[in-house]
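Student: Counting from 47, one number per residue, gives the positions in the sequence shown under the working numbering. Glycine included, C-beta positions come from ideal geometry on N, C-alpha and C.
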Amino acid sequence: MVGNPDVISALERIADLLEVRGENAFKVRAYRTAAAQVENLGEQLADIAKGPDGLRSLSGFGPAIAEKVTELLRTGRLAYLEELEAEVPCSLLELTSLPGVGPRTVNMLWKEGGITSLEQLEGAARSGRLAGLPRLGAKSVDNIVRALDTRRPEAGKVRRPREAVAPLVDELLRLLHAMPACERAEVAGSFRRGREWVGDLDLLVSTGQPGEVLSALAALPRAERVLLRGDTKCSIVVDGLQVDCRAVTAEQFGAAWQYFTGSQAHNIRMRGLALRMGLTLNEYGVFRGDDGARVAGASEEEVYAALGLPWVPPEKRENGELPTSVGAGNAATA
47 MVGNPDVISA LERIADLLEV RGENAFKVRA YRTAAAQVEN LGEQLADIAK GPDGLRSLSG
107 FGPAIAEKVT ELLRTGRLAY LEELEAEVPC SLLELTSLPG VGPRTVNMLW KEGGITSLEQ
167 LEGAARSGRL AGLPRLGAKS VDNIVRALDT RRPEAGKVRR PREAVAPLVD ELLRLLHAMP
227 ACERAEVAGS FRRGREWVGD LDLLVSTGQP GEVLSALAAL PRAERVLLRG DTKCSIVVDG
287 LQVDCRAVTA EQFGAAWQYF TGSQAHNIRM RGLALRMGLT LNEYGVFRGD DGARVAGASE
347 EEVYAALGLP WVPPEKRENG ELPTSVGAGN AATA
């Protein structure tokens, strides 16, 4: 069953995609207002929809939005959202996270420059190609370059060439595998996706004793600082590079590995597909929407198969595109 959080996610997603596409601010604001209204509700939309006035009884729900949300509640999918996702590259939303880079600039970069990802934007900035784009003056170009240089400024995070980080990855995995309580250890994040430059490291361990593994990691002689030590996550700094390690159970490992490998655009598209199939996908597994029963999660192959997809190699997970469904029509193509 589609719940209020699913509706909020869909409405906010529509607003984001409309904004990047260049729609007028009033239309974008209408979807954000509707999402905020749902977030503040004390009851389920599905129950309100059964009333005499249906969803039109809610403040902020005009005819168009009420009709779309009713469709989502009734069928578990939303054709309008699927159309937007097919039109607008998911990776464009990552560009809006840059300081001073608004949706209008992102729309211009996309339409005029064919730029749809942070990696492409970095390449265009380095080559000087940004200066040749219309409606992008020298000041705007400088702002974009500065935003690229200063993104992800959290303590301990620097960007390094992949080949310089690889020996550290091997060393940390060896240390984790040597711990008796560690059943499995793998690298995730941008390094696993094959990115040339790495801002931090994401590690994942399978264990029934997360406290023991994470405490041992935090106590490593190589750890210059411990940024966080929680029940299932530990963040340390090694050689000036932030290393995040998450501990999960064996039945969660595949879903967590898929989730923490990313990219954000890929995960957004995966979650949207799951929602349209009446499922919920998160870092803990794939679950049925009606009763919350676990469907998959122990392996990545299992997670993709639950959505009717073949396994996607990590290096192919950058732009949010999904392969053609291998199921009998139960999953949409990208």
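If we ignore side chains and look at the alpha-carbon of each, how far apart do ALA449 and LEU355 end up?
Tutor: For residue 449 there is no data in the structure shown, the boundaries of the chain being 47 and 380.
Student: Which residues bound the alpha helix (DSSP H) around PHE72?
Tutor: PHE72 -> alpha helix (DSSP H) spans 71 to 85.
Student: Taking the continuous alpha helix (DSSP H) assigned at THR116, which residues delimit it?
Tutor: First-last of the alpha helix (DSSP H) with THR116: 109 to 121.
Student: First and last residue of the alpha helix (DSSP H) that includes THR307?
Tutor: Note, THR307: alpha helix (DSSP H), 299 to 307.
Student: Relative to the alpha-carbon of LEU57, which residue among LYS73, ALA71, GLU65, TYR77 has its alpha-carbon at the smallest distance?
Tutor: Nearest of LYS73, ALA71, GLU65, TYR77 to LEU57, Cα basis: TYR77.
Student: Excluding the 5 residues preceding and the 5 following THR20 in the sequence, name in chain order all residues of the same chain whose CB lies nearer than 8 Å to its CB.
Tutor: Lying outside 47 to 380, the shown extent of the chain, residue 20 is not represented and no answer is given.
Student: With distances taken Cα to Cα, identify the nearest neighbour of PRO207 among GLY245, ARG322, MET323, GLN83.
Tutor: Checked all of GLY245, ARG322, MET323, GLN83; the closest Cα to PRO207 is GLY245.
Student: Straight-line CA distance for GLN166 to TRP357?
Tutor: Going by the C-alpha atoms only, they are around 25 Å apart.
Student: Between the Cα of LEU130 and those of GLY68, GLY335, PRO369, CYS280, spot the shortest distance and give me the residue it belongs to.
Tutor: Ranking GLY68, GLY335, PRO369, CYS280 by Cα distance to LEU130 puts GLY68 first.
Student: If contact is defined by three or more beta carbon pairs under 8 Å, each pair taking one atom from either stretch, is the segment 77 to 92 in contact with the segment 107 to 123?
Tutor: Yes, they touch.
Student: So, is LEU176 buried or exposed, given that buried needs 16 or more other C-beta atoms within 10 angstroms?
Tutor: Under this definition LEU176 is a buried residue.
Student: Excluding the 5 residues flanking LEU219 on each side, which residues of the same chain have their C-beta closer than 7 Å to its C-beta?
Tutor: If we look at LEU219 and ignore the five residues flanking it on each side, its Cβ neighbours are ALA231, VAL233.
Student: Smallest Cα separation from TRP243: which of GLY254, LEU319, LEU164?
Tutor: With distances taken between Cα atoms, TRP243 lies closest to LEU164.
Student: How many Å lie between ASP93 and GLY324 at the Cα?
Tutor: The alpha-carbon atoms of ASP93 and GLY324 are separated by roughly 18 Å.
Student: Return the CA-CA distance between THR253 and SER281, expressed in angstroms with no decimal places.
Tutor: Their Cα atoms are separated by approximately 17 Å.
Student: Compute the distance between the beta-carbons of VAL147 and ALA193, then report whether it is under 9 Å.
Tutor: Yes. Within cutoff.
Student: May I have the straight-line CA-CA distance separating ASP285 from GLU209, to the nearest angstrom?
Tutor: Whole-angstrom Cα-Cα distance: 15 Å.
Student: Between LYS114 and chain C, is the shortest Cβ-Cβ distance under 9 Å, so that the two count as touching?
Tutor: Protein chains in the displayed structure number just one, and chain C is not present.
Student: If you compare alpha carbons, which of ARG340, GLY183, VAL134 is closest to LYS157?
Tutor: Nearest of ARG340, GLY183, VAL134 to LYS157, Cα basis: VAL134.
Student: Note down the Cα distance separating LYS203 from ARG181, rounded to an integer number of angstroms.
Tutor: Note that LYS203 has pLDDT 48, beneath the 50 cutoff, so the model's placement of it is unreliable and the number below is only indicative. About 33 Å.
Student: Ends of the beta strand (DSSP E) at ASN328?
Tutor: Unbroken beta strand (DSSP E) run through ASN328: 325 to 328.
Student: For VAL48, which option in GLU258, THR326, GLN304 has the closest C-alpha, if you only look at C-alpha atoms?
Tutor: VAL48 has its Cα closest to that of THR326, out of GLU258, THR326, GLN304.
Student: Name the two residues that bound the continuous beta strand (DSSP E) containing LEU30.
Tutor: For residue 30 there is no data in the structure shown, the boundaries of the chain being 47 and 380.
Student: Please classify HIS223: is it buried, with 16 or more other beta-carbons within 10 angstroms of its beta-carbon, or exposed?
Tutor: Label assigned to HIS223: exposed.
Student: With 16 as the cutoff for other CB atoms within 10 Å, does ARG120 come out buried or exposed?
Tutor: ARG120 comes out exposed.
Student: In chain order, which beta strand (DSSP E) runs of at least 3 residues are fully inside the segment 123 to 154?
Tutor: If we require 3 residues or more, the segment 123 to 154 turns out to have no beta strand (DSSP E) run fully inside it.
Student: Is the segment 357 to 369 close to the segment 329 to 337, with three or more CB pairs under 8 Å?
Tutor: No: the two stretches stay apart, fewer than three of their Cβ pairs being nearer than 8 Å.
Student: Thinking C-alpha only, which one of GLU270, ALA212, ARG102 is nearest LEU249?
Tutor: Of GLU270, ALA212, ARG102, the residue nearest in Cα terms is ALA212.
Student: If you scan the segment 249 to 283 from start to end, which runs of the alpha helix (DSSP H) of 4 or more residues do you find wholly inside it?
Tutor: List check, alpha helix (DSSP H) in window: 256 to 264.
Student: On the DSSP bridge assignment, give the partners of VAL233 in chain order.
Tutor: The partner list for VAL233 (beta bridge, DSSP) reads LEU249.
Student: Name the two residues that bound the continuous beta strand (DSSP E) containing ARG334.
Tutor: 331 to 334 is the extent of the beta strand (DSSP E) around ARG334.
Student: Please check the pair VAL349 and ALA301, which I expect to be a contact at CB under 8 Å, by giving their CB distance rounded to whole angstroms.
Tutor: The Cβ separation is near 5 Å, so the contact holds.
Student: Going along the chain, which residues of its own chain have a beta-carbon closer than 6 Å to the beta-carbon of ALA352, five neighbours each way excluded?
Tutor: Closer than 6 Å at Cβ, skipping near neighbours: VAL332, VAL341, ALA342.
Student: Distance, Cα to Cα, ARG75 vs ALA61?
Tutor: Cα-Cα distance, rounded: 7 Å.
Student: Less than 9 Å separating the beta-carbons of ALA344 and GLN298?
Tutor: A contact, by the Cβ cut-off of 9 Å.
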